Amino acid sequence: MFQASDRGTGDDQRPSAPDPGALLAGARLLVADRDAAAAAATAEVLRTHGAAHVRTAASPREFRAAGQAGRGWDLAVCDSALAGDGLTEFLEDWHAHHPAAPVIVTEDRPDAARAVAALRGRAADLVARHDPDALVSSAAHALARPRQVPRAATAAAGPERVGMLVVGAHPDDVEIAVGGTLHRRADDGWDITVLTLSPGANGGDPEQRRREAHRAAESMGARLVLEDLPDGSISDDSATVRVIERTVAEAAPDLVLVHSDHDTHQDHRAVHRATRVACRQVPRVFCYQSPSATVDYRPNRFVPLREQDVEAKLASIRAHGSQSSSRWYLEEDLLRSTARYWGRYSRSRYAEPLEVLRDAAPFHAH
Ligand SMILES: [Zn+2]
């Protein structure tokens, strides 16, 4: 087995003993083998280790068709004989269309020549074809590794790096509403900025909240811009608009997420209104659900989440340690079951909802 040298960097390359069950549970897996029965057997092994979404293919044509049909594959497993002599080109073709989904190559008798071809094709690993334990371990490692999408591959795939700005009134608003979405999109290689308008003076020691807010954003793969508007009395006037415009100009987002207008908290409504004005040139503006959202909140877009996205969301909320003991809506079973509930509207176990305010350009990702 090898770990391809151009995926991940430094200490991130080999996380110690990732839990296969948790990683496989939320992942979309595509398994290809020249023998359909062998593909089915491999899929079964992955399912017994917790995988919920596994699709199989038994020819290069089926593999490519499945690749196009399914959106957002997290991992592919491919028998090297199915790829044929042009293993490197076969893998390059996959990466060009699915830059965020690593490929594990299976091989009857892994040898140096095959290893070199797999390495050149940037395979995540090369494992023996009928070794379920090796495959499960390799899949867990590949899913645990942070995705480093090569620039060339992203360009070949069409859309360039998506920029997302997420605006919230208070520290932890964004994590509670769309922490899973942020983690998933950071994994996809999106460039994510969180703009928090108030340091949250009404909810504890401001300095401590500030440190926690940065740690939480970093844990989701986002960078944080923390402004200093007054907690509890944020207005939707031109001063607030200007503060938001500053970050919009700097981040140049393709997509903005913000509080909904259907929210009982006056700060949230003010931030919603000021953001609408500040983001008048941004093609896509969607609203997320805060715990204070009203029943008029009407989502019509759902971001499917994997188990690891939900875990990352909970971890990012825990990073706001000074708040977690004092608020009912931070209870983990509520956060998890809310994501589970919204999952019924997507094709995944968990999801986070979004209300489309503006969608002026066709969007390649859900
Ligand atoms: Zn808030």
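So for the sequence shown, UniProt numbering puts the first residue at 1; every next one is plus one.
Note that the Cβ used here is the ideal one computed from N, Cα and C, for glycine as well.
In this text the structure is predicted, and so the values were computed from the model without any measurement.
Near ligand 1: residue i beta-carbon under 7 angstroms from a heavy atom
i: D236; result: no
i: S316; result: no
i: S337; result: no
i: S290; result: yes
i: H320; result: no
i: D267; result: yes
i: A274; result: no
i: H170; result: yes
i: D173; result: yes
Sub-8 angstroms separation of residue i and residue j beta-carbons
i: R358; j: V285; result: yes
i: P171; j: T196; result: yes
i: V136; j: H49; result: yes
i: A81; j: W94; result: no
i: D263; j: T294; result: yes
i: L30; j: R55; result: yes
i: L305; j: Y341; result: no
i: A101; j: D74; result: yes
i: V174; j: V162; result: no
i: H98; j: G67; result: yes
i: P283; j: M164; result: no
i: S260; j: C287; result: yes
i: A139; j: L126; result: no
i: P299; j: L354; result: yes
i: I234; j: T275; result: no
i: G179; j: K313; result: yes
i: R211; j: P199; result: no
i: residue 372; j: I176; result: Residue 372 lies beyond the range of the chain shown here (1 to 366); nothing can be said about it.
i: D236; j: R273; result: yes
i: A118; j: L143; result: no
i: D85; j: R129; result: no
i: V303; j: T181; result: yes
i: V45; j: P132; result: yes
i: R51; j: A27; result: The question names Arg, but residue 51 is Ala in the sequence shown. Yes, the pair counts as a contact, with Cβ atoms nearer than the cut-off.
i: E311; j: A22; result: yes
i: A58; j: A36; result: yes
i: P18; j: H141; result: yes
i: V258; j: V271; result: yes
i: A216; j: A319; result: yes
i: G232; j: D267; result: yes
i: R301; j: V356; result: yes
i: E307; j: A25; result: yes
i: E352; j: A339; result: yes
Span of the beta strand (DSSP E) around residue i
i: R355; result: Before going on, a small fix: residue 355 reads as Glu here, not Arg. Y350 to D359 is the span of the beta strand (DSSP E), which, as asked, contains E355.
i: Y288; result: R284 to Y288
i: V277; result: Careful: V277 lies outside any beta strand (DSSP E), inside the alpha helix (DSSP H) at Q266 to A278.
i: H320; result: Per DSSP, H320 belongs to no beta strand (DSSP E) and is neither H nor E.
i: L305; result: R301 to L305
Per DSSP, cross-strand counterpart(s) of residue i
i: E107; result: A128
i: M164; result: I192 and L255
i: D35; result: D35 pairs with nothing; no bridge assigned.
i: R223; result: T193
i: H53; result: R28
i: D263; result: A293
First and last residue of the uninterrupted alpha helix (DSSP H) at residue i
i: V295; result: Run containing V295: none; DSSP gives neither H nor E here.
i: D228; result: Careful: D228 lies outside any alpha helix (DSSP H) and carries neither H nor E.
i: D333; result: E332 to W342
i: D205; result: That residue, D205, is in no alpha helix (DSSP H); it is neither H nor E in DSSP.
i: G180; result: D173 to D187
i: A123; result: No alpha helix (DSSP H) contains A123, which DSSP labels as neither H nor E.
Self-check item: Uninterrupted beta strand (DSSP E) stretches inside the stretch 56-103 (no shorter than 3 residues)
Solution: 75-79
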